[in-house]
């Protein structure tokens, strides 16, 4: 049924309201749609088996379809979702509801999903670290989301040393990123079940010079072979294996694809691969943030920001001043009436009845040279405070006292961050000295490098630069005996690494190992 209801222009406070109710019965095979974004969002980390009616805001980072025997129809859809906090969960559309949801869901798209069923994930193979699983059902509704601010791909990169040390439990999902050091000819053989099987052995290296063996099977092996064949002049090949697993065959450890859930990225035009490629040849760059904060943009003491005369992005380093307590605002409408007027040219002052709370946190940051006003928005605020704006708003409403700030906000006081800020055309034209934060980091190694760029009087007290921040762990680089892996019937001995059958993408170029002393590659890029 399709119904369009037009309200009169004389309707109080409303120019025109169009309510579209699109309902398709179970017999026609389509789900119900809602065009207004749901207000109350439940995070995946909050879910348990007691939840019944709730709304998720998530991104589909993996979607695979299980086909019928004749390959003509889909009998099940398996999905991996990630929310704005980076928490992942598996979901499934069972065969009887495939016809309702198959055309609505797509990989790398974001959605509001209302009222799925929560159950325990009892599968032998769990492709994410979550004991729960979602199931689509007749009352489940799916709505497109255009304001998702979480991770695009949901990578959780494993440290090579953890893999080398055999510290990963069996059937635990892993993501790895690395530079292809060498690869062997693709093998094709018959499995014990009489099926033709393809295998590609590869060796990858991290920024510390540590090596891990990779075994790609069947379509993943072919994907790698096709890339190498089609790009013979490519000097640097960076790959990401997402949702892989660690296999131990006769003491030889390797990362391999895990059925057909794994995603293989080869020199893809995504931030994680571009950053890894840019830092591959530098021994001093340990984390992906370093490219942004130490190389890509100029560093400025705060007193020099007002001297900037063109639109630009710069780095500042400082501690959050206590004046944050005087400046922050967080509200859900006018006098608690929950009525909002949209003042943009698109809305033309229409009244809307529902909005999504957003962060806009003004803070004052100081360094040894001065103080600056900055504004923190949703993306970084969500990750930094570990709560979204809706949750903090509920805390304010429950307390009934907006003079008392949640501990999540007061904990920002006296903490040190490196900020990537934007000096916009608006700042320059109107001589406004309040700037937007584009990115921030609490990495003390980055702070240490930035502190070296200060040229202040030697008598200035620099104690403020000793403020404790997030802990960053490190560990010594250890040796790893190269091994090319094998989880099938045939074995490729570790000694084959040194044989002439192995090929390097840089075979016709001179190259040297990349070694970063006293550092751990810890890339959880989200």
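Numbering (UniProt numbering), first residue to last: 1 to 526. By construction, the Cβ of each residue, glycine as well, lies at the ideal position given by its N, Cα and C atoms.
Coil, strand or helix - residue i by DSSP
i	result
residue 452	coil
residue 48	coil
residue 144	strand
residue 274	helix
residue 213	strand
residue 265	strand
residue 155	coil
residue 299	strand
residue 56	strand
residue 294	helix
residue 167	coil
Contact check, residue i vs residue j, beta carbons under 9 Å
i	j	result
residue 80	residue 100	no
residue 303	residue 369	yes
residue 260	residue 179	no
residue 314	residue 305	yes
residue 121	residue 85	no
residue 44	residue 88	yes
residue 220	residue 267	no
residue 110	residue 54	no
residue 218	residue 197	yes
residue 116	residue 137	yes
residue 132	residue 56	no
residue 212	residue 153	no
residue 134	residue 66	no
residue 173	residue 258	yes
residue 239	residue 204	yes
residue 215	residue 247	yes
residue 230	residue 171	no
residue 162	residue 112	no
residue 202	residue 184	yes
residue 272	residue 127	no
residue 164	residue 253	yes
Cutoff 8 Å; reference residue i; Cβ partners in own chain excluding five residues on either side
i	result
residue 51	42 and 118
residue 450	293, 294, 299, 315, 317 and 418
residue 106	60 and 63
residue 425	311
residue 448	none
residue 527	This structure leaves residue 527 out entirely; the chain is present only between 1 and 526.
residue 366	302, 318, 319, 321, 372 and 464
residue 29	Bear in mind that the predicted position of residue 29 carries a pLDDT of just 40, short of 50, making it unreliable; the figure below should be weighed with that in mind. So the list reads 99 and 100, once near-sequence residues are dropped.
DSSP beta-bridge partners of residue i
i	result
residue 362	375
residue 62	80
residue 318	417
residue 255	214 and 246
residue 370	367
residue 67	74
residue 444	BP columns for residue 444 are empty, so no partner.
7 Å CB neighbourhood of residue i in its chain, flanking five on each side removed
i	result
residue 102	74 and 77
residue 454	301 and 368
residue 225	186 and 200
residue 297	313, 314, 315 and 420
residue 360	375 and 377
residue 262	220, 241, 242, 243 and 244
residue 72	none
residue 181	203, 204, 205, 211 and 504
residue 95	75 and 76
Proximal residues to residue i (C-beta, below 6 Å), its chain only, five neighbours per side dropped
i	result
residue 423	308 and 312
residue 176	158, 241 and 255
residue 223	264
residue 438	420 and 422
residue 564	For residue 564 there is no data in the structure shown, the boundaries of the chain being 1 and 526.
residue 434	373
residue 436	375 and 422
Every unbroken alpha helix (DSSP H) within the stretch 411-442, with a cutoff of 4 residues, ordered by chain = 425-430
inquiry  = List, from N- to C-terminal side, the alpha helix (DSSP H) runs of 4 residues or more that fit wholly inside the stretch 69-146.
reply    = 98-101
ask   = Where in the UniProt domain "Replication protein A OB" (170-252) do unbroken runs of the alpha helix (DSSP H), each at least 4 residues long, occur, reported from the N-terminal end onward?
value = 219-230
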